[in-house]
Amino acid sequence: MHISIGLIGGKVYIMSENKKLVVNLSEKLCDEFDKALEIDNKDRNEFVKEAITRYIEEKKRLARMDLMKKGYIEMSKINLEISELGVCNELDQLMEYEARLSESDYLDDDGGEKRRYILC
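In numbering that gives the first Met the number 0, the protein residues as written are 0 to 119.
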């Protein structure tokens, strides 16, 4: 661990900037790792920091995607309920309209008596 000592406002602060990470690799994997680093012109620390950063970013991205997926599923259920309410309402109105049509009263041409028309 790398430790820095700082003086702020007359007080001494000890701050940890870096931590040491030990990773056990097989000799074969370590050799391949070193060859790949040589090709990419990177040192071990730089590579590991970059790999860990990418891993964390990918985990966060996957978590956001999962959260969005859950949100879309939840909204689809709500949208389905809303659309079904609309269909039920329109169906009720249609049935009421057809009922009024099937037994509606119209004025007769000769004398004003009402006549019932039944639609089949």
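No residue lacks a Cβ here, since even glycine has one placed at the ideal position from N, Cα and C.
Alpha carbon of residue i to alpha carbon of residue j, nearest angstrom
i: Glu83; j: Glu73; result: 16 Å
i: Lys18; j: Asn44; result: 12 Å
i: Ala50; j: Lys69; result: 28 Å
i: Lys34; j: Asn78; result: 55 Å
i: Glu56; j: Leu36; result: 22 Å
i: Val22; j: Ile81; result: 55 Å
i: Arg60; j: Arg53; result: 10 Å
i: Leu90; j: Arg99; result: 14 Å
Expected contact under 8 Å - CB spacing of residue i and residue j to nearest Å
i: Val47; j: Leu66; result: Contact flag wrong, Cβ pair sits at about 29 Å.
**Any beta strand (DSSP E) of 3 or more consecutive residues that is wholly inside the region 28 to 112** = 103 to 106
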